[in-house]
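J.:
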Amino acid sequence: MHHLSFLQIQSFKSHRLFILSFILLSLLHPGCARPSPSQANPCTLNPESLSPPSSAYFPPTSISEHSTSQNSSHSTWNMLEKRMTRSCDPLPLVPETWDELGLDDYLKNYPNGDKIHLADYVGSKNASNFVCGIGSICDAGQMCYPVTDQDWYILFALQQWNSISNMAFAAIGYAINIVQATVNSLISTMFPAVDISGATHGKQSLAISASMMEVSGTLMMDVMMLMGAETGPVGWVLNVLNFAMAGGMAIWAFKRKVPKGPIVEGFGVWTDVVFQLGNLEENAQNIISDAVKKVINSPISSDDGIYGVLKGGAFLNPTKMLVIPEVADHLRKVTMAMSMNLVLRSMNSYITIGADVCTDKGENGAWPQKDRLSYCPERGGPMYNIIRAVGDKSVNAIPNANVINEIFEFSTKMMVEVSVNCQQKHNEFGHNPYTKGNFPKSETDDCVFNVPVCDCRSGDIRSSIKDHKQHVTEACRKHGGLPI
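Under UniProt numbering, the first residue of the sequence shown is numbered 1, with each subsequent residue one higher.
1. Which residues share a DSSP beta bridge with K393?
2. Give the range of the beta strand (DSSP E) segment to which A355 is assigned.
3. From A389 to V395, what distance separates their C-alpha atoms?
4. My output table needs one value for I196: the three-state DSSP class, helix, strand or coil.
5. Excluding the five sequence neighbours on either side, which residues of its own chain have a C-beta within less than 6 Å of the C-beta of D114, listed in chain order?
6. Out of S374, C454, N438, point me to the one whose CA is closest to A168's CA.
7. DSSP on C476, reduced to helix/strand/coil?
8. Go ahead and pull the three-state DSSP assignment for D455.
9. Measuring only the C-alpha atoms, how far is V269 from S346?
10. For N432, which option in L280, A171, W152 has the closest C-alpha, if you only look at C-alpha atoms?
11. Assuming T412 and L373 are in contact, meaning their beta carbons sit under 8 Å apart, how far apart are those beta carbons, in whole angstroms?
12. Out of Q369, V179, I296, which one is the CA nearest neighbour of F408?
13. If you draw a straight line from the alpha carbon of A181 to that of Y350, how long is it in whole angstroms?
14. Which whole-angstrom value describes the C-beta separation of A355 and C456, a residue pair presumed to lie in contact below a C-beta threshold of 8 Å?
15. Whose CA, out of V418, M190, K478, lies closest to the CA of residue 487?
16. Can you name, in chain order, every residue of its own chain whose Cβ lies under 6 Å from the Cβ of N109, other than the five neighbours on each side?
17. Inspect the beta-carbon positions of N162 and C132 and report whether they are closer than 8 Å.
18. What residue range is occupied by the uninterrupted beta strand (DSSP E) comprising Y375?
19. Can you tell which of W98, E378, V273 has its C-alpha closest to the C-alpha of L342?
20. May I ask you to list the residues that DSSP assigns as paired with P318?
21. Would DSSP call N427 helix, strand or coil?
22. Would you identify the three-state DSSP class for M340, choosing helix, strand or coil?
23. In three-state terms, what does DSSP make of P433?
24. For H201, count neighbouring Cβ atoms within 10 angstroms of its own Cβ and tell me buried if that reaches 16, exposed if not.
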């Protein structure tokens, strides 16, 4: 009774053999537990070099593969090798992999995909901490920890989409804040402040001095008459000189000119531009935020959900993410262009075509003056000018117009062409396609410049200018319907 039975001894040997085999596998393959998604799996098992003992049994470990029957130990080993090779070592992260795995169909036909949302989906994959949205960072982590197979590729693509959305949201605010800070230099360059206080005070002082001299001369004459003094001819001469000096100073004060102020009050333009840029930033960021929320809160198999945004593997490729300042720099120039457009509109500017002919001394016959915005496609053809409406009159000069091209690098040709194309395309003045949060990619995009255009070659406008001697502004307003 102190000896073990034969069956007990055999069971003990089998158990010990299983434990030794497990320890041996662990020592030989310590790196197989956590393969990197970006590296090839260095731990692929080779059944020829390390075959399992015949008496060992390994239960299925794949989350996505389930076996309903216990096969031989060799089949089980092959299943384990297949899982470790396929499930924990990602295929190349490119759109082609998305297509090969059929992930569009997988998402489109996901069980209850027309009802469950993103939070439900990731929760079912034991990834409840995967939270996307503006201001949130959702990280797919490494494959198999905990998400495997098709679902990991989907979460990785969502991670990329979420990062790009957050970057765009932040870059818009960053770029517009930079432009708001620099638009002051744009305004001060075009509308330099003029200090007229010194000239005004000098003019007032001359007028006051002339009045005092006139009063003092009159008082002296009255005093001497009351005292019965005999001033004689000398007194009369002094009084005449006094009054002459007073009159001269009065005339000098009247004739002295005070420098004119800027054509437009710069502070008013600055506040208007900054206000418009603030609205643009708010609208653009709202549309990004709303789009992200819509994807997150829509059924995953719908076009509005993650199926629609990830379709085709567009976000599976882990492209290099630009840092926010680099993205903002791309947006800065287009935002400055929109600011320049607002400045021109605040000056009541508009574009004329054919009011003048390209026969002047500028490029291709355009106006050569630095305070003119003039463009000629070819010599002898119609001239394209950006001018100002002041009452019913037209003013060709725009102070410091040369800085628009020389400093801010917006050519008259580009501003004219974008404005003309905008008006022809949308058949209205000042069309703005960016009121709902859309954001242009460059300064040449549709209607970034939308200065009203008056084609002075048309019948009624041309007749009013040539035959009735009307100013271009009056003719364009009356017959062209320009909002100027």
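Positions of the beta carbon are idealized from the N, C-alpha and C atoms, including for glycine.
These figures come from a predicted structure and were not determined experimentally.
T.: According to the data block:
1. Within the DSSP bridge table, the entry for K393 names V390 as partners.
2. Per DSSP, A355 belongs to the beta strand (DSSP E) from 349 to 357.
3. Pairing A389 with V395, the inter-Cα distance amounts to about 6 Å.
4. Low local confidence applies: a pLDDT of 47 at I196 is under 50, so the model's placement there is unreliable, with the coordinate-based value given in what follows. If DSSP states are grouped into helix, strand and coil, I196 belongs with coil.
5. The residues are P299, S301.
6. The option with the nearest alpha carbon to A168 is N438.
7. Looking at C476 - three-state DSSP - the assignment turns out to be helix.
8. Three-state DSSP puts D455 in a strand.
9. Roughly 7 Å separates the two Cα atoms.
10. Answer by Cα proximity: L280.
11. About 5 Å; that satisfies the 8 Å criterion.
12. Closest option to F408, Cα to Cα, is V179.
13. The alpha-carbon atoms of A181 and Y350 are separated by roughly 27 Å.
14. In this structure, A355 and C456 form a Cβ contact; the two beta carbons are roughly 4 Å apart against a cut-off of 8 Å.
15. Residue numbering for the chain in the displayed model covers 1 to 484; residue 487 lies beyond these limits and cannot be assessed.
16. Taken in chain order, the list of residues that qualify is empty.
17. In contact: N162 and C132 (Cβ atoms closer than 8 Å).
18. Residues 373 to 375.
19. The shortest C-alpha separation from L342 is found at V273.
20. DSSP lists no beta-bridge partner residue for P318.
21. Here N427 sits in coil by DSSP.
22. Helix at M340.
23. Collapsing the DSSP output to three states places P433 in coil.
24. With a pLDDT of 49 at H201, under the threshold of 50, the modelled position of that residue is not reliable, and no figure is offered here.
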